[in-house]
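Data first, discussion second: the structure below is written as structure tokens.
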Amino acid sequence: MTEPCTFVIFGATGDLARNKLLPALYHLDAAGRLNRDTRILANGRRHADRDAWLADVRAHFAGTVRGGLDEEIFSRFAARTDYVHGDLRDSILYDNLCEKLSEGGAFPADLAFYMALSPSDYAGVIQNLDRVKLLDETRGWRRVVIEKPFGNNLQSAVTLQRRLTEHLREDQIFRIDHYLGKETVRNILVFRFANVLMEPLWNRNTIDHIQIIHAEPQGIGERGATYEKSGALSDMIQSHLLQLLTFVAMESPVSMAAEALHAEKLKILKSIRPIPTDKVNEVAVRGQYDAGTVNGTAVNGYRAEQRVSADSHTETFAALKLHIDNWRWAGVPFLLRTGKRMAQKQALVAICFKQPPQQFFRASHVRCEASNWLVIGIQPDECIRMEMTIKAPGEALATRQTGLDASFRQANEIVNDAYEELLLDIIRGDRSLFLTYLEIEQAWRIVDPVLQAWSNPGEDLHLYPSGSWGPAEADRLFDDSCRFWRNTLEPCGCGKSG
Ligand SMILES: NC(=O)c1ccc[n+]([C@@H]2O[C@H](COP(=O)([O-])OP(=O)(O)OC[C@H]3O[C@@H](n4cnc5c(N)ncnc54)[C@H](OP(=O)(O)O)[C@@H]3O)[C@@H](O)[C@H]2O)c1
């Protein structure tokens with residue numbers, strides 16, 4: 005059981021709070037994992053008072069919480085909450101917060117401030133909290149949780165960091181990447197460092213290349229205005245996919261303590277070969293979804309979405325080939341790919357092993373023999389599966405692919421949302437699954453040359469039909485025509501005909 009604390013949520017009326025944070029706190033409460041005295045103080049503008057806000061939360065929960073809304077749990081959850089109405093830019097809000105938090109010992113003295121806000125509001129809110137002494141740690145700890153994106157390029161990240169550290173120490177800042185709260189992502193560490201079996205194989209001697217993929221069938225919905233300022237590279241690759249890469253590629257840390265993990269992750273990010281601005285086209289492919297059909301429904305192209313410019317060149321698809329210049333990974337390409345309006349929802353890491361030195365069992369019409377793969381499914385299905393070649397039953401030496409399954413969840417075990425574990429880590433003060441500033445800065449350094457090259461329109465922006473797997477142009481990132489993108493978890497039945 006965690007110690008009691010107060011969660012102050014700015015932006016408690018927004019999408020993130022309603023769909024992720026508040027349901028996660030409800031689930032923790034339901035599972036008895038939240039201290040009885042932990043309180044939630046919400047801020048928003050949309051609702052005038054606590055009753056209106058809670059009615060909205062309740063209506064939202066009906067469709068989001070696991071197993072449907074339980075009235076008893078909801079009343080317990082509601083009893084933990086309070087609401088302060090007000091505008092972030094109005095200094096009175098902070099006076100009202102101080103007053104509320106000092107009400108007769110109702111709120112525990114340890115305070116976590118969650119910024120479920122537009123990043124442009126972080127610095128102003130933190131400055132105001134400092135002004136009214138709410139960041140003073142005399143009576144308890146103060147932690148500030150910051151959502152992605154942390155800046156929208158290297159320069160803006162540097163500026164944001166400078167503004168935050170005028171008021172906060174680095175160890176008070178919890179930069180969240182919810183991907184790292186996913187159990188399969190954390191399982192990558194256990195799988196790699198609790199088993200000796202994989203370690204001798206986990207290097208350039210046996211691994212041909214590694215793919216890290218996040219595909220989703222959704223378009224940008226109502227996020228047009230925000231998405232126009234980011235695009236797939238910033239939205240997914242700079243954050244989630246580069247973080248996944250660090251988990252797959254890092255050396256064994258000296259311990260699982262936050263500092264040790266952060267040090268190894270940073271070393272990997274620093275070992276990624278810089279991309280020269282004039283070579284972007286050789287290692288990166290951008291695309292944008294056109295009209296098409298997703299799950300049987302006709303959908304618009306990106307440029308016809310709300311609040312998107314009719315001649316937008318924002319990429320909704322990005323693929324990037326990276327090299328890690330260290331002994332373990334020299335010569336092993338890491339291929340990162342993400343897209344919206346893709347054929348299906350799929351996030352995975354696929355590790356493709358080299359071919360045997362001699363092909364004894366090669367069928368004559370197949371030019372490329374099937375490889376061994378280690379596939380780590382992240383969403384929607386979690387799995388860790390090794391694909392092997394075995395003999396097919398019958399007299400000839402025909403082969404087929406089979407999977408050795410190391411999936412970790414039993415059918416009756418529930419999947420916790422990533423935010424649940426991360427919220428508990430904030431209360432415990434465990435920063436191991438949160439990002440340090442140095443990691444973020446380095447991640448921007450990696451993608452900045454590509455962002456610069458893509459800031460202009462160009463013929464290298466490839467339209468792809470919605471419901472496809474993105475532009476075929478992305479295939480050129482493979483050095484060999486026998487290699488191909490892993491779109492799904494299904495075993496690759498056979499080699500690619502050449
Ligand atoms: N949505 C997600 O699933 C998701 C996922 C990952 C990261 N994020 C990040 O999380 C942050 C929040 O995203 P979101 O989708 O929740 O945004 P959102 O739906 O637009 O919500 C923004 C919140 O900020 C509040 N707000 C804005 N200006 C304010 C002001 N002047 N005074 C008081 N409150 C103000 C809004 O309150 P009112 O509406 O009451 O005015 C609302 O509660 C962003 O940094 C986003 O990048 C979101």
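Heads up: take any position in the sequence shown, counting from 1, add 4, and you land on my numbering. Backbone N, C-alpha and C fix where the C-beta goes; we use that ideal spot for every residue, glycine too.
| Asked | Found |
| --- | --- |
| Residues that DSSP places opposite R325 in a beta bridge | Correcting the residue type first, residue 325 is Lys in the shown sequence and not Arg. DSSP output for K325 lists L339 as bridge partner(s). |
| Own chain residues within Cβ distance below 6 Å of H466, not counting five before or after | G291, P475 and E477 |
| Which listed residue (E373, A351 and K344) has its alpha carbon closest to that of K358 | E373 |
| T17: CB within 7 Å of a non-hydrogen atom of ligand 1 | yes |
| For I44, the nearest candidate out of E286, Q456, L164 and L25 (CA to CA) | L25 |
| Straight-line Cα distance separating E391 from Y293 | 32 Å |
| DSSP three-state assignment for F117, whether helix, strand or coil | strand |
| Endpoints, alpha helix (DSSP H) assigned at G228 | G228 to E232 |
| Closer than 7 Å: S470 CB and nearest ligand 1 heavy atom | no |
| Among Q176, G155 and H51, nearest to R432 - alpha-carbon criterion | Q176 |
| Same chain, Cβ closer than 7 Å to G185, five either side skipped, listed in chain order | A422, Y423, E425, L426 and L437 |
| Assigned secondary structure, I177 (DSSP; H/G/I helix, E/B strand, else coil) | strand |
| Limits of the alpha helix (DSSP H) - the one that W448 falls within | Y441 to A457 |
| Proximity to F154 [Cα-Cα], best of G225, R167, R146 and V258 | R167 |
| Residue closest to A323, alpha-carbon to alpha-carbon, out of D91, Q242 and H89 | Q242 |
| Extent of the continuous beta strand (DSSP E) run through P123 | Note, P123: premise wrong, no beta strand (DSSP E); not H, not E. |
| Cβ-Cβ separation, Y126 to L97 (assumed contact under 8 Å), whole Å | In fact, because the Cβ distance is near 15 Å, the residues do not count as touching under 8 Å. |
| Extent of the continuous beta strand (DSSP E) run through P475 | Run containing P475: none; DSSP gives neither H nor E here. |
| D409, buried or exposed, once every other Cβ within 10 Å from all chains shown has been counted against 16 | exposed |
| Cut-off 7 Å between Cβ atoms - residues of its own chain near R208, not counting five sequence neighbours on either side | R332, W333, A334, G335 and V336 |
| Beta carbon of E232 nearer than 8 Å to that of T342 | no |
| Contiguous alpha helix (DSSP H) assignments of at least 4 residues, all confined to the segment 58-132 | 75-83 and 95-105 |
| Alpha-carbon spacing of E7 relative to A262, whole angstroms | 20 Å |
| Residues that DSSP places opposite A354 in a beta bridge | Q215 and V379 |
| Residues near T85 in its chain [Cβ-Cβ closer than 6 Å; skip 5 each side] | I44 |
| Stretch-stretch touch, CB-based, cutoff 8 Å, three pairs: the segment 202-217 with the segment 349-363 | yes |
| Classification of Q159 by the beta-carbon crowding that lies within 10 angstroms, buried from 16 upward | exposed |
| K349 and P384 closer than 8 Å at C-beta | yes |
| Within the segment 378-420, ranges of the beta strand (DSSP E) (whole runs, at least 3 residues) | 387-395 and 403-409 |
| CB contact flag (T10, L92, <8 Å) | no |
| Heavy atom of ligand 1 within 7 Å of E151 beta-carbon | yes |
| Strand pairing of F503, partner residues [DSSP] | One cannot answer for residue 503 here, as it falls past the ends of the chain, which runs 5 to 502. |
| Alpha helix (DSSP H) segment containing Q165, residue limits | L158 to L168 |
| Beta-carbon contacts of A21 that lie in its chain and below 7 Å, excluding the five residues immediately before and after | I13, G15 and A120 |
| Ligand 1 heavy atom lying under 7 Å from the CB of S122 | yes |
| Straight-line Cα distance separating D282 from G305 | 30 Å |
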